[in-house]
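Everything below concerns the one structure shown next.
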Amino acid sequence: MKVVVIQGPNLNMLGVREQTIYGPMKLEQIHAQMKEFAESNGLEIEFFQSNLEGEIVDRIQECMGEADGIIINPAAYTHTSIAIRDAISAVALPTIEVHISNIARREEFRKQNMIAAVCSSSVVGFGPFGYHLAMTGMGQIFNEINAMKEAQKMQQDAAQAAQA
Ligand code: DQA
15 MKVVVIQGPN LNMLGVREQT IYGPMKLEQI HAQMKEFAES NGLEIEFFQS NLEGEIVDRI
75 QECMGEADGI IINPAAYTHT SIAIRDAISA VALPTIEVHI SNIARREEFR KQNMIAAVCS
135 SSVVGFGPFG YHLAMTGMGQ IFNEINAMKE AQKMQQDAAQ AAQA
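Going by the numbering used here, the first residue of the sequence shown is number 15, and it counts up by one from there.
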């Protein structure tokens with residue numbers, strides 16, 4: 015199964031920007047760890063970063079039919095973007111929102127969150143480790159989806175056998 019990781023504006027500057035808030039890790043290092051997790055758990059993974067809202071909306075839309083789940087840090091767009099919210103809602107894929115910092119403990123404007131309500135779950139305030147938690151969570155969601163599909167198939171097979 016495939017996860018697409020979408021990173022919003024200024025996350026390409028991790029390791030440089032506001033290290034007291036976001037820490038010293040670079041985005042490439044975070045992605046390398048996520049890739050390692052994916053490989054050892056038999057998952058496909060793809061990464062996308064953009065500073066542009068429309069490009070993020072396009073990438074979310076492309077996930078339909080291509081990916082089984084999305085991990086997204088919409089960064090500053092979390093607090094403003096109805097377009098990203100609507101795209102997540104439209105593709106109806108399991109989606110985990112990640113924030114490196116604890117947005118509930120920061121400025122008032124960061125308490126407004128357009129995204130959380132359309133996500134399956136949120137990981138907030140764990141630093142870069144939050145991406146690892148999101149990968150573990152996505153693995154669990156995939157296990158549950160597979161178990162449900164298997165149970166449905168067994169039910170269908172049993173119903174067919176009963177009709178024959
Ligand atoms: C962030 C929090 C946002 O408020 C901020 O604009 C970011 C990063 C985080 O990961 O903590 O760019 O999403």
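Just so it is clear, CB atoms sit at the ideal spot from N, CA and C, and this is done for glycine as well.
- Of the heavy atoms belonging to ligand 1, at least one sits nearer than 7 Å to the Cβ of S115.
- Residues of the same chain with a CB within less than 7 Å of the CB of T94, apart from the 5 flanking positions on each side, are M128 in chain order.
- Distance from the CA atom of Q174 to the CA atom of A161, rounded to whole angstroms, is 20 Å.
- Rounded to whole angstroms, the Cβ separation of A148 and V112 is 5 Å, and the two are in contact under 8 Å.
- Taking 7 Å as the cut-off, one finds at least one heavy atom of ligand 1 near enough to the beta carbon of A90.
- By the neighbour-count definition (other C-beta atoms within 10 Å, threshold 16), L66 is an exposed residue.
- Collapsing the DSSP output to three states places T34 in a helix.
- M39 places its beta carbon less than 8 Å from that of L28.
- Every beta strand (DSSP E) of 3 residues or more that sits fully in the stretch 45-98 is shown, in chain order, as 58-63 and 83-87.
- Going by beta carbons, A90 and G153 fall outside the 8 Å limit.
- Taken atom to atom, the span from the alpha-carbon of V71 to that of A101 is near 6 Å.
- In the three-state scheme derived from DSSP, where H, G and I count as helix and E and B as strand, E164 is classed as helix.
- Distances from the CA of C133 to each of I74, E69, H45 and K16 were compared; the closest alpha carbon is that of I74.
- Nearest C-alpha to I110 among F156, K163 and A97: F156.
- Around the beta-carbon of A52, 16 or more other beta-carbon atoms lie within 10 Å, marking it buried.
- The C-beta of Q166 has fewer than 16 other C-beta atoms within 10 Å across all chains shown, which makes the residue exposed.
- The beta carbon of Q63 sits closer than 7 Å to those of Q21, L25, N26 and L41, all from its chain and outside the five residues before and after it, given in chain order.
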